[in-house]
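These protein sequence lines are chains W and C, in that order.
Numbering-wise, the first sequence is residues 165 to 282 according to the working numbering.
Numbering-wise, the second sequence is residues 1247 to 1359 according to the working numbering.
Notes follow once the structure below has been shown.
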Amino acid sequence: GAVVSQHPSRVICKSGTSVKIECRSLDFQATTMFWYRQFPKKSLMLMATSNEGSKATYEQGVEKDKFLINHASLTLSTLTVTSAHPEDSSFYICSARARGSRHAGELFFGEGSRLTVL
Amino acid sequence: GNSVTQMEGPVTLSEEAFLTINCTYTATGYPSLFWYVQYPGEGLQLLLKATKADDKGSNKGFEATYRKETTSFHLEKGSVQVSDSAVYFCALRATSGTYKYIFGTGTRLKVLA
């Protein structure tokens, strides 16, 4: 299957700082990437849908000024948590929808990034 | 709204035991249903899927049947192995043409030798 890589896998930061998480599709082009957040013992919650070259579409209740998403190329999307606070501590997972017919209809997931805000 | 409910874990089994992880869903229309698996330190991987009622998805000895009458998609395996230890997520995709997935909470499976 296709590979999606997230970086960093773990990050600890101080309250008030900003953190950037990268999501890369390593061997395919991703027209659409999705960002999820997972709380302990909770479902993966879709935060936003990111399309290459256009603005992300945020789900209801997700602060777009807080969680900045940039999908600058067909292989890279970034999530920046701005002015992070302890309540932003969570596990963030990206997924990518492959362009073309080889993996049509399938989503590929990154390994996830655990953010801890002190 | 659309939702997925799966049994809470952890589930601990001995090797070669029979596995069932329950999953039920609520959705309008005819969703596609999926099981994803997350091994330690890795991303989610598609395990199997079913796109219409009565379809059976299968992979690596795992099976799940799309039951519209009971709105269920239970995951089963006849004989689990230690290497099956992972977290299993049930998910649905509500409408054809969209890739918004709704996930269950995940069920951790631990298989003991």
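Even for Gly, the Cβ is constructed at its ideal location relative to N, Cα and C.
Residue i by DSSP, collapsed to three states: which one?
i, result
"Val1333 (chain C)", "strand"
"Val1328 (chain C)", "helix"
"Glu1322 (chain C)", "strand"
"Glu186 (chain W)", "strand"
Beta strand (DSSP E) containing residue i: first to last residue?
i, result
"Phe1308 (chain C)", "1308-1311"
"Asn295 (chain W)", "A query on residue 295 (chain W) cannot be resolved here, the shown segment of chain W reaching from 165 to 282 and no further."
"Ala212 (chain W)", "208-215"
"Gln1284 (chain C)", "1278-1284"
"His171 (chain W)", "168-171"
"Asn1305 (chain C)", "1302-1305"
"Lys1295 (chain C)", "1290-1296"
"Ser277 (chain W)", "277-281"
"Arg261 (chain W)", "254-262"
Quick one: is residue i buried, meaning 16 or more other Cβ sit within 10 Å of its Cβ, or exposed?
i, result
"Arg174 (chain W)", "exposed"
"Asp1330 (chain C)", "buried"
"Ala1310 (chain C)", "buried"
"Gly1324 (chain C)", "exposed"
Whole angstroms are fine: how far does the CA of residue j sit from the CA of residue i?
i, j, result
"Thr1272 (chain C)", "Val1333 (chain C)", "22 Å"
"Thr196 (chain W)", "Ser1278 (chain C)", "19 Å"
Proximal residues, the region 1290-1322 of chain C versus chain W, C-beta separation under 8 Å: Those would be Leu1290, Gln1291, Leu1292, in chain order.
Short-range partners of chain C found in the region 172-196 of chain W, where Cβ spacing is below 9 Å: Cβ proximity to chain C below 9 Å picks out Ser173, Thr196 from the region 172-196 of chain W.
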